[in-house]
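Q: Position in the sequence shown counted from 1, then plus 133, gives you my numbering. This is the structure I have questions about; it appears just below.
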Amino acid sequence: MSRDAKLAEDPKLAFTREYQKKIRFIGHLGIRTDALGHGSARLSVPVTPQLTNSMGTVHGGVIMSLLDVALCTAARTLHEDSMGVITIDMSTSFIGGGSGAKLLAEARVLKDSRSMTFVEAEAKNEDGSLVAKAIATVRVLKKEIRGQSPNS
């Protein structure tokens, strides 16, 4: 069985891709979730001319969006019963230019709590060269339970 076929069978990956379809911006950029772990996520985005800046490298906004989605996806793996997670704070350092056919992001949870999760991520080119690093705090949105409001 091919790697892609195994990934397609992964129910967590299917769930993640399904809720991400509701976020049209993810589809617009072409961001794809490639792998999930317990508190981790690996995503990618194909580098197209529409996603580059005047220097021909990946636009900083695309890089930050990829990192943001990766950070939130990693956090969500620990809170599958939630409505989702939202970024409260994100700090990004740009280290190199994004180039090549695909940009990759790997995110991992540093500390998790009931309503907040602290996450970090790196964006790299396919050759492994570092493009950017980010650290974020995300808020977990709990589902409403019998008349209670979310996060009560």
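The beta carbon of each residue, even a glycine, is placed where N, CA and C say it ideally should be. What you are looking at is a predicted structure, and each value in this text was computed from that prediction instead of being measured.
For S177, list the residues DSSP reports as bridge partners.
A: Position 44 of the sequence shown, counted from the first residue, corresponds to residue 177. S177 pairs with R165, L237.
Q: For the beta strand (DSSP E) containing I196, name the first residue and the last one.
A: Within the sequence shown, the letter at position 63 stands for residue 196. Where I196 is concerned, there is no enclosing beta strand (DSSP E), although the alpha helix (DSSP H) it sits in stretches over 193 to 209.
Q: Under a Cβ-count criterion, where at least 16 other Cβ atoms within 10 Å of its own Cβ denotes burial, should S187 be classed as buried or exposed?
A: In the sequence shown, residue 187 corresponds to position 54, counting from 1. By the neighbour-count rule (16 or more Cβ atoms within 10 Å), S187 is not buried but exposed.
Q: What's the call for R209, buried or exposed, on a 16-neighbour Cβ count within 10 Å?
A: Your numbering for residue 209 matches position 76 in the sequence shown. Buried, because 16 or more other Cβ atoms sit within 10 Å of the Cβ of R209.
Q: Where do the ends of the alpha helix (DSSP H) carrying L146 lie?
A: The count along the sequence shown starts at 1 and reaches residue 146 at position 13. From DSSP, the alpha helix (DSSP H) with L146 extends over 144 to 154.
Q: Please classify V195 as buried or exposed, where buried requires at least 16 neighbouring CB atoms within 10 angstroms.
A: As a working mapping, residue 195 is identified with position 62 in the sequence shown. It counts as buried.
Q: Could you say which of I221, M249, G230 lies nearest to S262 if we only look at CA atoms?
A: For the purposes of this step, residue 262 is taken as the residue at position 129 of the sequence shown. Taking only the C-alpha atoms, the option nearest S262 is G230.
Q: Would you report the Cα separation of V264 and D201, rounded to the nearest angstrom?
A: For this step, residue 264 is matched to residue 131 along the sequence shown. For this step, residue 201 is matched to residue 68 along the sequence shown. If I take the Cα positions, the gap works out to 14 Å.
Q: Report buried or exposed for S198, applying the criterion of at least 16 other Cβ atoms within 10 angstroms of its Cβ.
A: As a first step, residue 198 is located in the sequence shown; it is residue number 65 there, counting from the start. So S198 ends up on the buried side.
Q: Which first and last residues belong to the beta strand (DSSP E) in which L274 is found?
A: In the sequence shown, counting from the first residue as 1, residue 274 sits at position 141. Segment 263 to 274, the beta strand (DSSP E) holding L274.
Q: Please list, in chain order, all residues of the same chain as R165 whose beta carbon is under 6 Å from its beta carbon, the five residues on each side excluded.
A: Taking the first residue of the sequence shown as position 1, residue 165 is located at position 32. Result list for R165: S177, in chain order.
Q: Taking the straight line between their C-alpha atoms, what separation do you get for A234 and P182?
A: Here residue 234 refers to the residue found at position 101 when the sequence shown is read from its first residue. Here residue 182 refers to the residue found at position 49 when the sequence shown is read from its first residue. So the two alpha carbons sit approximately 10 Å from each other.
Q: What does DSSP give as the partner residue(s) for N186 in the beta ladder?
A: On the sequence shown, position 53 is the one that residue 186 refers to. According to DSSP, which records beta bridges pairwise, N186 is partnered with nothing at all.
Q: At a cut-off of 8 Å, is D245 close to the ligand PLP when judged by its beta-carbon and the heavy atoms of the ligand?
A: Looking at this structure, you won't find the ligand PLP or any other ligand, since it has none at all.
Q: Given a cut-off of 9 Å, decide if S248 and K275 are closer than it, judged by their beta-carbon atoms.
A: Along the sequence shown, one-based indexing puts residue 275 at 142. Along the sequence shown, one-based indexing puts residue 248 at 115. Cβ distance < 9 Å, so K275 and S248 count as in contact.
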